[in-house]
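Student:
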Amino acid sequence: MHEIDQGSEFLGRSSDEEIYLAIALAVAPLGACATSATVTQAPLSAGISQDFQGSFETVREAARASVQSDLPVAIRGVEERGGAYIINYEIGVSAFSWGEVGRVVVTSVDADTTRVTLHNEKRYQVQVTGQGERRLATQLFEAVQRRLQP
Numbered sequence: 003m004h005e006i007d008q009g010s011e012f013l014g015r016s017s018d019e020e021i022y023l024a025i026a027l028a029v030a031p032l033g034a035c036a037t038s039a040t041v042t043q044a045p046l047s048a049g050i051s052q053d054f055q056g057s058f059e060t061v062r063e064a065a066r067a068s069v070q071s072d073l074p075v076a077i078r079g080v081e082e083r084g085g086a087y088i089i090n091y092e093i094g095v096s097a098f099s100w101g102e103v104g105r106v107v108v109t110s111v112d113a114d115t116t117r118v119t120l121h122n123e124k125r126y127q128v129q130v131t132g133q134g135e136r137r138l139a140t141q142l143f144e145a146v147q148r149r150l151q152p
């Protein structure tokens, strides 16, 4: 009976090739990671939006207060660009999540209507845990609506 000597080869590859393959497979998912640049470079309309009845100034303040007090985020910067008020934020790493990055954009639709848009990305795209864009948008829009009520 003949034995087939496969030595240290796996799938017909040498040890060095196996190591490179293992590294490539381990690192490949990291290429799908979101960064703050991923979100800040997206169009201002990216994400989930809701229109609110109120002036730009009133809704902007309600959105700012809501992000600061009602969302589980850390504000990383605020800017005004092209008539839009932008709040950049992140959600830190936890035992169950690699964290998330996002922004809230407030824009005027007309004198009495203002749009609030939340765009959120998980840092690690295959992660199934975390807040998620839909959940954060719902929390934000409910908080803004509460603040706008007389």
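In terms of the working numbering, the sequence shown opens at residue 3 and continues consecutively.
Virtual Cβ for every residue (Gly too), placed ideally from N, Cα, C.
Tell me the residue span of the beta strand (DSSP E) that contains V69.
Tutor: Element bounds for V69: not the beta strand (DSSP E) but the alpha helix (DSSP H), 58 to 72.
Student: Work out the CA separation of V103 and T42 for me, nearest whole Å.
Tutor: Separation of T42 and V103 (C-alpha to C-alpha, rounded to the nearest whole angstrom) is 9 Å.
Student: Any idea what DSSP makes of A44, helix, strand or coil?
Tutor: coil
Student: Does G49 pass the burial test, meaning 16 or more other C-beta atoms within 10 Å, or should it be called exposed?
Tutor: Around the beta-carbon of G49, 16 or more other beta-carbon atoms lie within 10 Å, marking it buried.
Student: Indicate whether A44 and H121 have their beta-carbon atoms separated by less than 8 Å.
Tutor: Yes, Cβ-Cβ distance for A44 and H121 is below 8 Å.
Student: Quick check: what's the CA-CA separation for L46 versus D114?
Tutor: 20 Å
Student: Helix, strand or coil for Q151? Go by DSSP, reduced to three states.
Tutor: coil
Student: Can you tell which of G56, E20, L73 has its C-alpha closest to the C-alpha of T140?
Tutor: L73
Student: So, is V75 buried or exposed, given that buried needs 16 or more other C-beta atoms within 10 angstroms?
Tutor: buried
Student: Leaving out five residues on either side along the sequence, give the residues of the same chain with a beta carbon under 8 Å from the beta carbon of G85.
Tutor: T109, S110.
Student: Quick one, are the C-beta atoms of Q62 and I88 less than 8 Å apart?
Tutor: A small fix is needed here, since residue 62 is Arg in this sequence, not Gln. Result no, Cβ atoms of R62 and I88 do not sit closer than 8 Å.
Student: Going by CA-CA distance only, name the one from F143, I93, N90, D53 that's closest to D112.
Tutor: The residue with the shortest Cα to Cα distance from D112 is D53.
Student: Determine the extent of the beta strand (DSSP E) in which A86 is found, giving its start and end residues.
Tutor: Counting along the chain, the beta strand (DSSP E) containing A86 begins and ends at 86 to 93.
Student: Buried or exposed: R149, going by 16 or more other Cβ atoms within 10 Å of its Cβ?
Tutor: buried
Student: Could you tell me the alpha carbon to alpha carbon distance between S71 and V146, rounded to whole angstroms?
Tutor: 11 Å
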